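In the working numbering, the protein residues as written are 146 to 301.
Ideal placement from N, C-alpha and C gives every residue a C-beta, glycine not left out.
As the structure is a prediction and not an experimental result, all values here were calculated from the model.
Reading through the structure tokens given below for one structure.
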Amino acid sequence: MKNIDEVEKNFLDIYHKMRLLFYHDIFGVIREREGSLSAMEAFSVEVIDILGEPTIGQFADFLNISQSNATYKVNSLIKKGYLEKQNSTIDRREYHLILSQKYYNYRALMGAYIDKMINRMGESYSEQELKQFNGFLETINTKMMPEYDEIVSKQE
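So, in structure tokens, the structure goes:
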């Protein structure tokens, strides 16, 4: 179907542009210096953010890496100030990975661009058009990505 091909192209174009703008801003800020994130560490903190305070085991399982590899990554992120460990209230032997303010400052770069884009949409589209667009996004978010739900449910 031609319309589906156009939707795919536009979706991928937006996705690529957002990623490139994010990477442009991140690499402009982080630079190669003591305490800066490597690309793999940047991806790791984003995964931890999305998983929402996982245990180190959940983090390792999600990435399909060994517990020792995950521990190495986590310790590096703690040393650089992007993560903290917090003991579980249920099992004191276990701890959760908590993102620090330093991470949230890093993440704000992407949020700032999204805010700018959303404001532009508000200026360009009617309330009805925004409501319809939001309905599409909600459907995509809740019904079109069952793989996400399967992966995340394994972490709980």
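Could you please give me the residues that DSSP links to residue i through a beta bridge?
i              : result
asparagine 232 : Tyr240
threonine 200  : His241
Rounded to whole angstroms, how far is the Cβ of residue i from the Cβ of residue j, which I believe are closer than 8 Å?
i              : j             : result
lysine 218     : serine 189    : 5 Å
leucine 222    : glutamate 186 : 6 Å
isoleucine 193 : leucine 228   : 7 Å
Using C-beta distances below 6 Å, list every residue in its chain close to residue i, excluding the 5 sequence neighbours before and after it, in chain order.
i              : result
asparagine 232 : Tyr240
leucine 275    : none
Q | the stretch 206-216 contacting the stretch 252-259, beta-carbon criterion three pairs below 8 Å | A | By the Cβ test, the stretch 206-216 is not in contact with the stretch 252-259, since fewer than three Cβ pairs between them sit closer than 8 Å.
Q) Per the contact definition of three or more C-beta pairs closer than 8 Å, is the stretch 225-241 in contact with the stretch 191-205? A) Contact check between the stretch 191-205 and the stretch 225-241: three or more CB pairs, one atom from each, fall below 8 Å, which counts as touching.
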